[in-house]
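Note sheet for the following structure.
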Amino acid sequence: MRVKSAGKVYLIGAGPGDAGLLTRRGAELLQRADVVIYDLLVNPQLLRLARENAEIISRGKRTQFSQEQINQLLIAKAREGKTVVRLKGGDPYIFGRGGEEAEALAAAKIYFEVVPGVSSIVAAPNYAGIPLTHRDFCSSFTVFTGHENSGDAKTNLRYEQIAKIPGTKIVLMGTENLDDWTKSLIAHGMSPEIPVAIVESGTQGKQKSISGTLATIAKLAAKEKISPPALTVIGDVVKLRGKLNWSENRPLSGKRIVVTRARGQATEFLQKLSELGAEVLEIPAIKTVPPTRREDIVDALLELNSYDWLIFTSANGVKSFFDLFFKRFHDLRDIGGAKIAAVGPRTAATLRELHLQVDAMPEEFVGRKIAEALTKLGSIENEKICLLRAEDANPDLPLALEEFGAIVDDIGVYKTVAETEDFFGVAKNFVEHGADWITFTSSSTLEFFHKRFDLPKLLKQFPKMKIASIGPETSKAIRALKLDPNVEAKTHTTDGIIAALLK
Ligand code: SAH
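Residue numbers (my numbering): 1 to 503.
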């Protein structure tokens with residue numbers, strides 16, 4: 001009999017929002033977790049680090065669960081022998097009730113560890129260009145909450161004392177009662193002229209910061225509709241914001257950009273957009289599943305040696321083909337001696353990762369151009385060609401190859417179907433608030449996206465929303481909806497789309 005191993009709970013600080021600010025220890029444990037219980041402040045992108053079959057549960061202050069229920073859930077999952085990750089915004093022990101969760105685990109004699117996180121206290125001012133200390137201005141900082149249980153003798157804040165402490169002050173959870181506590185500080189002797197900034201959604205693509213003075217900030221925040229999560233910084237260091245606000249001055253800062261590519265195929269694109277400051281909405285329109293006509297691929301695998309050419313038209317085709325290939329064979333040499341063609345640089349790069357040389361790389365996704373690229377290495381008349389691509393893909397390519405006399409087997413190695421799941425509520429948020437750009441990286445992402453959201457209708461609702469297309473084929477599909485792409489990438493890659501957006 002196998003003895004059930006004891007469960008463990010890891011309280012992990014997820015950082016303030018930017019997914020890159022999770023610690024390495026946190027990432028490592030997240031990858032190992034059986035259960036992830038996350039807070040509402042946590043960037044949902046981080047949940048992608050978890051294993052595919054991990055149980056992912058949302059539990060935070062604004063969900064309908066009490067702290068006691070959350071504690072009991074942690075204990076119950078650990079008692080089932082599971083590795084539990086409790087993921088909390090910022091640092092788990094700072095205003096996040098992490099201390100209470102750890103106490104409950106200690107009382108229940110459950111093994112736990114706490115992984116510190118980058119707190120919004122330091123990260124949000126940093127990303128807004130505000131160093132918390134600076135030799136010219138101050139040599140201390142004080143943090144307090146603006147959301148107090150009044151009358152609680154253990155925690156009650158003494159504004160008369162806070163008003164007298166020198167140095168920077170950071171106020172968490174303070175935007176609701178902003179008017180009250182700013183007035184209170186002034187009443188207790190703090191200068192109404194002292195610079196104050198508010199940072200909303202610090203370190204995230206939608207970060208927004210404003211500044212004024214202790215006297216003006218409450219009105220300003222109301223006017224700018226500041227909403228949580230937001231923190232307030234008080235002190236002369238706020239003056240540096242104009243000079244040092246690196247994150248809000250990035251080329252795509254403040255832009256909401258929808259990425260419609262299949263999940264898992266957009267990682268690099270998403271990261272580059274985020275690094276340029278954009279708020280990225282990942283709404284995959286498609287997903288790939290195994291092909292329906294299995295017998296085709298089985299036959300092709302048995303005859304690989306008889307082909308003169310193998311043609312791949314997408315990175316996904318390469319991946320899907322080799323997934324199927326290695327189910328049958330254990331040695332790459334079984335691929336045989338056919339020449340290999342890859343349409344587009346990404347497809348070629350994916351093959352090279354497998355240490356396979358690409359003999360021809362047609363740049364353009366046009367049947368005739370692809371056929372011509374192959375003929376550069378000699379006539380393809382009577383050559384046997386195996387096309388490894390999506391099932392039921394456009395027949396133009398095999399027809400063009402046949403015009404040059406080739407014998408073509410068009411093999412579906414994967415199938416593209418609609419993605420309908422709304423990962424972490426991003427699609428709902430998009431439908432309610434729109435975006436600045438929607439990016440389409442293929443005609444199929446466009447078609448499936450349109451089926452799901454009705455693109456012309458969406459554009460009527462959000463007339464400022466723009467469309468970016470990766471190339472002529474995708475643009476053609478956009479025009480078929482009587483719409484016009486606002487930009488089309490010059491090079492037909494996601495980098496090409498980024499270059500077009502930057503213009
Ligand atoms: N443990 C968290 C704080 C939790 S309390 C940490 O260490 O950051 C929640 C408060 O934190 C919010 O009301 C807000 O004041 C602040 N906060 C959290 N994330 C923030 C962010 N990305 N930008 C600005 N403030 C943030």
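Yeah, the Cβ is synthetic: ideal placement off N, Cα and C, and Gly gets one too.
Measuring straight from C-alpha to C-alpha, what distance separates residue i and residue j?
i    : j    : result
L481 : Q45  : 32 Å
R158 : I70  : 31 Å
G15  : A468 : 32 Å
V243 : G129 : At residue 243 the sequence reads Lys, which differs from the Val that was named. Distance between the alpha carbons of K243 and G129: 7 Å.
I257 : V280 : 5 Å
E428 : T441 : Note that residue 428 is Lys in the sequence shown, not Glu. Going by the C-alpha atoms only, they are around 21 Å apart.
A222 : T416 : 47 Å
R32  : G146 : 37 Å
L377 : K319 : 26 Å
I470 : L354 : 26 Å
K339 : L301 : 15 Å
L231 : P125 : 8 Å
E282 : K77  : 30 Å
E68  : R59  : 12 Å
K327 : Q271 : 32 Å
T182 : S139 : 22 Å
A278 : F430 : 15 Å
R241 : L132 : 11 Å
E100 : A342 : 56 Å
N316 : A266 : 11 Å
G167 : G90  : 23 Å
Does the beta-carbon of residue i have 16 or more other beta-carbons within 10 angstroms, so that it is buried, or is it exposed?
i    : result
L502 : exposed
E383 : buried
K82  : buried
H450 : buried
G189 : exposed
S66  : exposed
L324 : buried
K460 : exposed
N53  : exposed
Y111 : exposed
K225 : exposed
A106 : exposed
A187 : exposed
Q161 : exposed
T347 : buried
Can you name, in chain order, every residue of its own chain whose Cβ lies under 6 Å from the Cβ of residue i, other than the five neighbours on each side?
i    : result
D334 : none
A108 : I75
I380 : L374, F404 and A406
G344 : none
E488 : S469 and S475
V233 : P125, I130, I170 and A197
Is residue j closer than 9 Å to residue i when the C-beta atoms are compared?
i    : j    : result
V118 : V143 : no
S120 : G202 : yes
I497 : M465 : no
L351 : L332 : no
A197 : I210 : yes
G13  : K88  : yes
P192 : K239 : no
L49  : L11  : no
V9   : E103 : no
R389 : F322 : no
Sorted by chain position, which residues of the same chain lie with C-beta nearer than 7 Å to residue i's C-beta, five sequence neighbours on each side aside?
i    : result
A19  : N43, Q45 and L46
A79  : Just to set this straight, residue 79 is Arg in the shown sequence, not Ala. If we look at R79 and ignore the five residues flanking it on each side, its Cβ neighbours are G7.
P291 : I297, E391, G412, V413, Y414 and K415
L397 : G367, I370 and L387
T445 : T260, R261, A285 and I286
D422 : K428
S184 : Y159
Given residue i, which residues of its chain have a CB within under 8 Å of its CB, disregarding the five upstream and five downstream residues?
i    : result
S150 : Note that S150 scores a pLDDT of 49, beneath 50, so its modelled location is shaky and nothing firm can be said.
K490 : G496, A499 and A500
D179 : A218
On a Cα-Cα basis, can you pick out the residue from the options that is closest to residue i?
i    : options                   : result
S314 : Y307, F326, S306 and T288 : T288
E432 : L324, F453 and S444       : F453
G235 : R32, A300, L214 and E160  : L214
F365 : I297, F325, P463 and T474 : T474
F329 : E303, A499, A285 and R346 : E303
P284 : L401, A262, T267 and E295 : A262
L41  : Q72, I94, E55 and Q271    : I94
R51  : D39, Q64 and V85          : V85
S253 : E176, Y127, M361 and G98  : Y127
W246 : E275, P228 and I56        : E275
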